[in-house]
Amino acid sequence: MFLKRIEMQGFKTFAEPLDMELIGKISAVVGPNGCGKSNIVDGIKWVLGEPNVRILRGNRLEDVIFAGNDRRRPVGMAEVSVTLDNATGILPLDYSEVRITRRAYRSGESEFLMNGAPCRLRDIQNLLQDTGLGSDSFAIIGQGKVESILNSRPEERRRLIEDAAGITRYLTQKKDALRKLDETENSLVRLEDLLRELEEQLDPLEEQARQARSYREKQTQYRKLEKELWLQEWYRQNLRLQRTRKNGDEAVKELEVQEKELNHLTEGLTSSRITGERAEEDWWQENEIYQAAQSLLERARMTVQVLQEKRFSLQRQQEETSVKQEENKQYLGEIRPQKAQIEARLTELKELIIQQEHELQEIEKRQEARHSGRQFEVDQLENLKSELIENLKTGAEKRNELKRLQLQEKQNERSIVHLMDERQVFLNRQKVLEAKYEELAVSIKAWEQRLHTVTQQKEAARQQKAQLSRHYTQQQKIVAEIGDRARTAESRLQALREMEQAYEGYSRAVQELMRQKGKQSWGPGIKGVVAEVLRMPGRLEKALEVALGGAAQNLVVDTEKTAQEAIRFLKQGNYGRATFLPLDILRPPRVEIPPKSKFSGILGRAVELVDCTPEYRPVAELLLGKIWVAEDLSKALEWARHNNFYRRVVTLEGEVLNPGGALTGGSLPPRGTRFFSRRREIEDLEVKVRLERNNLLTQQQEKAALENKAQELAQRQEALEKEHHQLELTCSLAQKDSIQLEAEAKQVQERLQLMVFEEADLRENQVRGQAEIVGLEEQLLFLVEQEQEIREKQKFLQEKLKEQDVQAREEEKILSALREARATGKQQILGLEEKLMHLGNEEVKRERELTELSVRVKEIEIEQDSIKKALAEEENTLERTTQQMIGLEEKINALRQLVQRQRETASRLEAEITIQRSQLEQTRQRVHNLEVEYTRTEGEEQKWQERLWEEYQITKLQAEESILQNLVKTKKFNFSGTRQNLALLKQEMDALGTINLGAIEEFEKLRQRTCLLKEQKTDLYQAHRDLQIVISEIDTLITFRFKVNLEKIASEFNQVFQEMFGGGKAQLALTNPELPLESGIEIIAQPPGKKMQNLMLLSGGERALTAIALLFGILKVRPAPLCILDEIESALDEVNVYRFASYLKRFTENTQFIVISHRKGTMEAAEALFGLTMEEKGVSKLVSVRLA
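Under our numbering, read the sequence shown as residues 11 to 1198, first letter to last.
This is the structure in structure tokens:
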């Protein structure tokens, strides 16, 4: 079996579909870091059933779905599929190829498919169990798992060996057996508690049964009186309802007369109001004109007053302007002489400052020339310092190098002498090893031939056992499923039979009579209830149960005499009432059958749709002869309307259309008993149980045959296993010695070759070192002479710089005095210029004010003329408006008198309407009160009617018939006395306390149930003992297989370790050998030339190589069909990488490898290369495939 194809879409970084067809035994996946190589490993683990998303480097299931990037939107589903070649039949499926698919949706849902068919995660895990292909298999080594194997606790490391030993399936079986054992123990505890509780209930229940009988007698009397009282209450409310209806009709007629009178008065009021409103509207219009004229008059008066005030204000402004003109002329004559003096002083100061600046420029030019020459000399001095430091540094380095070369020359001489002695020792050892190796090779060849023969026989036996085990497991599942179905059906059948035998759901009277059927002399005359003698199709059950109603509980008897005896028995025992159908006197009424209907959806008469013996045909005719059945309510209404609503129709959903048009429908009462469906279910279950039992017996026989065959095969396999183990041990020890000899010989040869190279290198280094020493001595002599020359140049430049510094300080003093005098003169100039600017601004300001004042004088004269004209116009307007207002006042007074007269007329009519409305409101209130009383009385009557129906199933028609039959008694009925009797009976029933009416039946059922539970307790104890035996057998098998495989793995691990490291040794040891089922596993490693030490003390490369050696050791003992390695050789050097790659090739006969790597040696060993890249951010892409 091997992996043929990997397909991914939407998984992590694989937004685009990925299709990898694997060719060859070693496939390598290469590419830069972060391009999604490890996502391929995660995808394989995920599709093989990995349930923990954290192991796949995520937190939630939706983390494995492509989350999108800057250019792509997130996808809604991740899907991974692997195709396995099953030509060898390792997987227990009849397919040459098995395709496993897993999908996850962003909504949180996921699904598994096997060859396109939906399946469960458990099915995938069971399929791959003990094949080496599980999601947690030792053959899938992801990044960091190498370290986790070595760093994990001994108890966690045990899981790796268990998987390699092939005992995972037995551990799962043991886990299931322990779970069942725990469930059995819990069931025993619950059963014992339940038994103890039931036994405590038996004694009190007997006392409750006695009280229940007394309570039933009083309850019967109570219900009879209550029924009579409720009928009388209903009748009283019905009479009150009729009286209220009559009074309400009279009040409504009176209300209509009053409303007509009110309408006449309202029309007169409306006419009067319209006339008044028109007059009032005219009055308002004239009044608005008057108000406008009055406003105009006021505005004219205000305008005159404002114009007079403005004229006085202009006169004051004219006087103030003349005064300001005189003040400005006087100020201008004072400031002009001051301005001329300041300008003359400014001219003198500016000429002096120009002379000072000329002197400063000459001195600064001399300083700049001197500074440039001095800077060149300073730079020259700094360069000399740098050269001196570099010279001293170079000299120190050369002296140190000279000492090192002299020491190295002496060391080379000693190494050459030691190397010659060591080479002679290795030549002698090489001859001894070659002789031992040839002798051992002859022995190994003979043992390996026998081991090959035994291995083939063992593999054939293993395949037979695996196939037999799969068949046995499937057979166990089939037997368990059939057994569960049979027990479930039997349990349901028993419950229904008990209900049927106890007539559960029937009235108490029916139950008591059926119990007496075999006890009383008249008992055989009871043929059964109607529900027992009639048979009907399943789809008609609901319709006919509704049609029959309570008649389904009617009792069919042979003669009238039997019915009389049964009625007498019910009266004596106060068991209630029942309806009897005596076959000897039963005369069904003649039914007029209408001609064949043209309407579809009418199934026919109900009596024609049921099945019964000819003996009970009159019963069916009596109960169902006048009832028709329709498919639905619409068809029933259509047919009934055609027949003038003369017949009763029921639908398949249980609606009823009564004669006259009354409809009954809705949900069926929850306490309705489904007698017909229960009987049909019993018949179906009897057939089902019989078939399941026959099937179970056949499957159990096949299971027993498989068990016998498996036992014979196990004995044969055990013998082969022992011989194989002995041969393996012998071959292993011999091969171990052979490998050690070969490895040691190889090391000796490699060491001899290395010695030749080392001697040549040492002699070459010796010659090269002597030449370097002579060169260094010459260089040191030159450096000393160069140092003396640099120091003389430094001394000359330092003396010249001191003379230049003295001249620069004298010139700096002269410059400071000149700069101070120039700054003082500039400050005086600024003060004078500021004062001159201020005087100039004042002069301009005063001249501008004089101009503005002259203009303002002319403006004031013009405004005075315009005000005189406006005053004359406003006085004329005042006179005209006053004459207009006098005429408007006369017209407004006449309209006001007309409005007053209309208002008086409207007030008189409103008073009459108010009186009429009050009378009308009183009448309406009386009508409303009668309606409320009618509604309340109707509700009371309906309430009593509903209570009669709910408690006693008495319809309104039946209640009226009962009242009419006892009309004399109704008139004399004593309500208070009946209530007192009811209260007295209620007190007597309450005095009995809480009553369990079903105590008698419950007592018998409880006793039977206690016996049944005791039998179940015995069965559980037996199951508990059986499970303990199974667990013990599994532990024995696990211990044996674990020890045997641990020894094999330890031996192979040591051998591979020595080959990988070129010597040393490694061990696998139990932390507690006395408890192999619980003991952890320690890994002890000793690389060549080192002491045995803890793994944590090894280097990173040694730790990685140790883990790889353990993996190859496991693969030698238990070859896995597929091994996935994710950069496990990243810590190895180049030599060990090539050694690792060569080991991969050794296992390709039985194992297919998928390797993720960056190392050249691993890539060269691969038969196929798959290149991954990430051209688009966050999206992996398969860009190349190269077949080796």
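C-beta atoms are modelled at their ideal positions from N, C-alpha and C, and glycine is treated no differently.
Report task. Note the first and the last residue of the continuous alpha helix (DSSP H) segment covering Gly675. Result -> On the sequence shown, position 665 is the one that residue 675 refers to. No alpha helix (DSSP H) holds Gly675; DSSP gives it neither H nor E.
Report task. Please go through the same chain and pick out, in chain order, the residues whose beta-carbon is closer than 7 Å to the beta-carbon of Arg927, but skip the five residues on each side of it. Result -> As a working note, residue 927 is residue 917 in the sequence shown. Same-chain partners within the cutoff: Leu272.
Query raised in the report: What three-state label does DSSP hand Phe436 in the structure shown?
Result: Taking the first residue of the sequence shown as 1, we reach residue 436 at position 426. Residue state for Phe436 is assigned as helix, using DSSP reduced to three classes.
Requested in this report: State the Cα-Cα distance for the pair Gly835 and Ser864, rounded to the nearest angstrom.
Outcome: Here residue 835 is taken as the residue at index 825 of the sequence shown, counted from 1. Here residue 864 is taken as the residue at index 854 of the sequence shown, counted from 1. Rounded to whole angstroms, Gly835 and Ser864 show a C-alpha spacing of 45 Å.
Query - Ser117 (DSSP reduced to helix, strand or coil) - result: Mapped onto the sequence shown, residue 117 falls at position 107. Here Ser117 sits in coil by DSSP.
Requested in this report: Quick one: grab the DSSP three-state call for Ile692.
Outcome: Taking the first residue of the sequence shown as 1, we reach residue 692 at position 682. It is helical.
Query raised in the report: How would you label Glu236, buried or exposed, when you count the other beta carbons within 10 angstroms and need 16 or more for buried?
Result: Walking along the sequence shown from the start, residue 236 turns up at place 226. Buried, because 16 or more other Cβ atoms sit within 10 Å of the Cβ of Glu236.
Report task. Measure the C-alpha to C-alpha separation of Thr740 and Ile177 and round it to an integer number of angstroms. Result -> What you label residue 740 is simply residue 730 of the sequence shown in a count that begins at 1. What you label residue 177 is simply residue 167 of the sequence shown in a count that begins at 1. One C-alpha to the other measures close to 25 Å.
Query raised in the report: Excluding sequence positions up to five away, which residues of its chain have a Cβ less than 7 Å from the Cβ of Glu873?
Result: What you label residue 873 is simply residue 863 of the sequence shown in a count that begins at 1. Listed in chain order, the non-local C-beta contacts of Glu873 below 7 Å within the same chain comprise Leu324, local neighbours out to five positions each way being set aside.
Requested in this report: Below 8 Å on the Cβ atoms is my guess for Ile1093 versus Lys184; work out the distance and round it to an integer in Å.
Outcome: Taking the sequence shown and counting its residues from 1, one reaches residue 1093 at position 1083. Taking the sequence shown and counting its residues from 1, one reaches residue 184 at position 174. The beta-carbon separation of Ile1093 and Lys184, rounded to 26 Å, does not stay under the 8 Å limit for a contact.
Report task. Put Arg681 into one of helix, strand or coil per three-state DSSP. Result -> Indexing the sequence shown from 1 puts residue 681 at position 671. Residue confidence is low: Arg681 scores 38 on pLDDT, short of 50, so the model does not pin down where it sits. Its coordinate-derived value is still stated next. Under the three-state reduction of DSSP, Arg681 is assigned to coil, being neither helix nor strand.
Requested in this report: Name the one or two DSSP bridge partners that Gly614 has.
Outcome: By 1-based counting over the sequence shown, the position of residue 614 is 604. In the DSSP output, where bridge partners are listed per residue, Gly614 has Val639.
Query raised in the report: Hey, would you say Leu1023 sits closer than 9 Å to Ser197, going by beta carbons?
Result: Against the sequence shown, residue 1023 aligns to sequence position 1013. Against the sequence shown, residue 197 aligns to sequence position 187. Cβ distance not < 9 Å, so Leu1023 and Ser197 don't count as in contact.
Requested in this report: Take every Cβ of the segment 1108-1124, pair it with every Cβ of the segment 1132-1151, and state whether three or more of those distances are shorter than 8 Å.
Outcome: Counting Cβ pairs under 8 Å, three or more are found: they touch.
Query - Reduced DSSP category for Gly1181 - H, G, I as helix; E, B as strand; rest coil - result: Here residue 1181 refers to the residue found at position 1171 of the sequence shown. DSSP places Gly1181 in strand when its eight states are reduced to three.
Query raised in the report: How would you call Gly664, buried or exposed, if buried means at least 16 neighbouring beta carbons within 10 angstroms?
Result: Mapped onto the sequence shown, residue 664 falls at position 654. By the Cβ neighbour-count rule, Gly664 is buried, with 16 or more other Cβ atoms within 10 Å of its own.
Report task. Reducing DSSP to helix, strand and coil, say where Phe1157 ends up. Result -> The count along the sequence shown starts at 1 and reaches residue 1157 at position 1147. In the structure shown, Phe1157 sits in coil (DSSP, three-state: anything other than H, G, I, E or B).
**Report entry** Sequence ranges, alpha helix (DSSP H) only - wholly within the segment 540-576, length at least 4
**Finding:** Runs of the alpha helix (DSSP H) inside the segment 540-576: 540-543 and 551-558.
Query raised in the report: So what does DSSP say about Ser37, is it helix, strand or coil?
Result: Your numbering for residue 37 matches position 27 in the sequence shown. Strand at Ser37.
Query raised in the report: Going straight from the alpha carbon of Gln907 to that of Glu931, what length do you get?
Result: On the sequence shown, residue 907 is found 897 positions in, with the first residue counted as 1. On the sequence shown, residue 931 is found 921 positions in, with the first residue counted as 1. Between Gln907 and Glu931, the C-alpha separation is close to 36 Å.
Report task. Spell out a yes or no on whether the segment 589-600 and the segment 623-636 are touching, meaning 3 or more CB-CB pairs, one atom from each, closer than 8 Å. Result -> Yes, the segment 589-600 is in contact with the segment 623-636.
Report task. Quick one: using the 10 Å Cβ neighbour count with 16 as the cut-off for buried, is Arg681 buried or exposed? Result -> Reading the sequence shown from its first residue, position 671 is the one you call residue 681. Legend: pLDDT at Arg681 = 38, less than 50; position of this residue unreliable, value from coordinates given subsequently. Answer is exposed; the Cβ neighbour count stays below 16.
Query raised in the report: Using the C-alpha atoms, what's the distance from Arg1156 back to Phe436?
Result: Numbered from 1 along the sequence shown, position 426 holds the residue referred to as residue 436. Numbered from 1 along the sequence shown, position 1146 holds the residue referred to as residue 1156. Annotation: Phe436 to Arg1156 spans about 31 Å, alpha carbon to alpha carbon.
Query raised in the report: If we count Cβ pairs, one from each stretch, closer than 8 Å, do we get three or more for the segment 1175-1193 versus the segment 30-41?
Result: Touching, yes, given that three or more Cβ pairs across the two stretches are closer than 8 Å.
Query raised in the report: Does the distance from the C-beta atom of Phe122 to that of Asp104 stay below 9 Å?
Result: Residue 122 sits at position 112 when you count from the first residue of the sequence shown. Residue 104 sits at position 94 when you count from the first residue of the sequence shown. For Phe122 and Asp104, no; Cβs fall outside 9 Å.
Requested in this report: For the segment 556-566 and the segment 537-544, state whether three or more C-beta atom pairs, one from each stretch, are separated by less than 8 Å.
Outcome: Contact between the segment 556-566 and the segment 537-544 is present, because at least three Cβ pairs lie under 8 Å.
Query raised in the report: Nearest CA to the CA of Val63: which residue from Glu813, Glu717 and Lys22?
Result: Translated into the one-based positions of the sequence shown, residue 63 becomes position 53. Closest by alpha carbon: Lys22.
Query raised in the report: Thinking C-beta only, is Gln759 closer than 9 Å to Gln440?
Result: Taking the first residue of the sequence shown as position 1, residue 440 is located at position 430. Taking the first residue of the sequence shown as position 1, residue 759 is located at position 749. Contact flag set, yes.
Query - Beta-carbon contacts of Pro613 that lie in its chain and below 6 Å, excluding the five residues immediately before and after - result: Here residue 613 refers to the residue found at position 603 when the sequence shown is read from its first residue. Per the sequence presented here, residue 613 reads as Leu, with Pro not at that position. Closer than 6 Å at Cβ, skipping near neighbours: Val639.
Requested in this report: State the DSSP-derived secondary structure class of Ala1198, mapped to helix, strand or coil.
Outcome: Working through the sequence shown from its first residue, we reach residue 1198 at position 1188. Residue placement at Ala1198 cannot be trusted, given a pLDDT of 46 that sits under 50; what the coordinates show is reported in the next sentence. In this structure, Ala1198 counts as coil in the three-state DSSP scheme.
Query - Start-end ranges of the alpha helix (DSSP H) lying completely within the segment 224-281, minimum 4 residues - result: Those alpha helix (DSSP H) runs which fall completely within the segment 224-281 and span 4+ residues do not exist here.
Report task. If I'm right that Thr506 touches Arg688 with Cβ under 8 Å, what's the distance once you round it to whole angstroms? Result -> Your numbering for residue 506 matches position 496 in the sequence shown. Your numbering for residue 688 matches position 678 in the sequence shown. In the sequence on display, residue 506 carries Leu and not Thr. Here Leu506 really is in contact with Arg688; their C-beta atoms are around 6 Å apart, less than 8 Å.
Query - Residue closest to Lys256, alpha-carbon to alpha-carbon, out of Asn991, Glu941 and Glu1012 - result: Reading the sequence shown from its first residue, position 246 is the one you call residue 256. Here the closest residue by C-alpha is Glu941.
Query raised in the report: In whole angstroms, what separates the C-alpha of Thr683 from that of Tyr516?
Result: In the sequence shown, the residue the question calls residue 683 occupies position 673. In the sequence shown, the residue the question calls residue 516 occupies position 506. Any reading at Thr683 is ruled out, since the residue's pLDDT is 46, under 50, leaving its predicted position unreliable.
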